[in-house]
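Residues in the sequence shown are numbered consecutively from 1, following the UniProt record's numbering.
Backbone N, C-alpha and C fix where the C-beta goes; we use that ideal spot for every residue, glycine too.
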Amino acid sequence: MAKTKVYFWLKLDNNFFENLAIKKAMKLPGGKDMILLYQRMMLASLSTDGILYYEGTLNNIIEETATKLEETEENVAMTVSYFEKAGLLQVDNDISMLQVPALIAQETDWARYKRNQRDKQALLDNVQKLSNTRPIEIEKEIDIELELDKDIEQEKELSSSSCINNKELIRKFEEEFGRLLSPLEIEEIQKWVSDDAHSPEVIMEAVKEAVFKGKPNLKYIQGILRNWKNDNLNTVELIEAKRRERENTHLPKNVPVSEDFKEAMNYWKDKD
């Protein structure tokens, strides 16, 4: 029996080039090449749900990715570094292309055949009428497609109402990150509130800490939230008290603090 093929493709959002990270890259020397390489990496990760896995054949994931894409290690390293700082990918042993899971579309070879068949049939209005049984099949296919469209619309409505509930939180995330969030990122943040029971105020404290440390990405923020939860730090007041305790314990006494440092700390403390 012939093996069923599965085709994958990337559905880029029409605002892809409006992303601040993409716009900034466009102005950098070699930035357009970085964007093209970033898109190639997205395509290469389609069949593995947005992850470029390190196979262990070469020294590291950068070298393996460069070899697979026939690029230089320098170009891959530069692209990965830029988009990791922008929060669009994460690197451990593997590379996670964070936008990809929300943008993947796929179908089997049979589904593709049927779709092409329906497209062709729509153009053949002047050919001989089909048999009495064939229209019934077409009606069934249309009914199924309509039901699927209804299900998709219902899912969109539920997702939309959920986003509205956390609209202010998402807005603050985008303000701190300096870019729009992907649908996958928004879904992840909503889970922190609904599934993990983190309050929006505590989540924003974690965001500020991540941005202050130069690591504005969801994985790092999630790690902060997990540590706070393990320490039962479930309010902003408890978090601030823990910070003061840590500062008093670990910082040497009578050490002069610069005005710039004080100003930075006051900025994050007073910011909404």
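- Shown here for L180: same chain residues with a beta carbon closer than 8 Å to its own, the five before and five after excluded, namely N15, E18, N19, L20 and E174 in chain order.
- When C-alpha distances from L103 are compared across E245, F83 and K11, the shortest belongs to K11.
- Taking the Cβ atoms as the reference, D13 lies roughly 25 Å from N75, outside the contact range of under 8 Å.
- Under DSSP, Q90 takes part in a beta bridge, and its partners are S96.
- Following the DSSP letters along the chain, one finds T65 inside the alpha helix (DSSP H) bounded by residues I61 to L69.
- Contact between M41 and M97 holds, since their C-beta atoms are separated by about 6 Å, short of 8 Å.
- Per DSSP, the unbroken alpha helix (DSSP H) holding D33 starts and ends at G31 to A44.
- For the options Q222, L37 and K85, the alpha carbon positioned closest to that of D195 is the one of Q222.
- Short of 7 Å from the beta carbon of A66, and not among the five residues preceding or following it, lie these beta carbons of its own chain, in chain order: T72, E73 and V76.
- Fewer than three beta-carbon pairs drawn from the region 37–55 and the region 211–221 are found closer than 8 Å, and the two stretches are therefore not classed as touching.
- The beta carbon of I62 lies closer than 8 Å to those of E73, V76, A77 and V80 in the same chain, with the five residues before and after it left out.
- Its chain contains K24 and A25 as the residues whose beta carbon lies nearer than 8 Å to that of G31, once the 5 sequence neighbours on both sides are disregarded; these appear in chain order.
- Collapsing the DSSP output to three states places L233 in coil.
- Between E201 and the set F177, P101, Q99 and L233, the nearest pair of CA atoms involves L233.
- Non-local C-beta neighbours of A44 in its own chain, meaning closer than 7 Å and more than five positions away in sequence, comprise L52, K68 and L69, ordered along the chain.
- For E188, the enclosing alpha helix (DSSP H) starts and ends at P183 to S194.
- Residue pairing by DSSP places L52 opposite I95 in a beta bridge.
- One thing to note: L28 has its Cβ no nearer than 8 Å to the Cβ of Q99.
- For L169 and L46, the gap between their C-alpha atoms comes out near 30 Å.
- Here F177 is near G87, since their CB atoms are less than 8 Å apart.
- Comparing C-alpha distances from I186 to each of I22, R244, T235 and R171 shows the shortest one belongs to R171.
- Spatial neighbours of Q90 in its own chain (CB-CB distance under 7 Å, excluding positions within 5 residues in sequence) are listed in chain order as E84, S96, L98, N217 and K219.
- Annotation for F16: no alpha helix (DSSP H) segment contains it, and DSSP assigns it neither H nor E.
- When the alpha-carbon of V193 is set against those of N166, A206 and E205, the nearest one is in N166.
- Counted as a single uninterrupted DSSP element, the alpha helix (DSSP H) harbouring N75 occupies residues E73 to K85.
- R243 sits in a helix when the DSSP states are folded into three classes.
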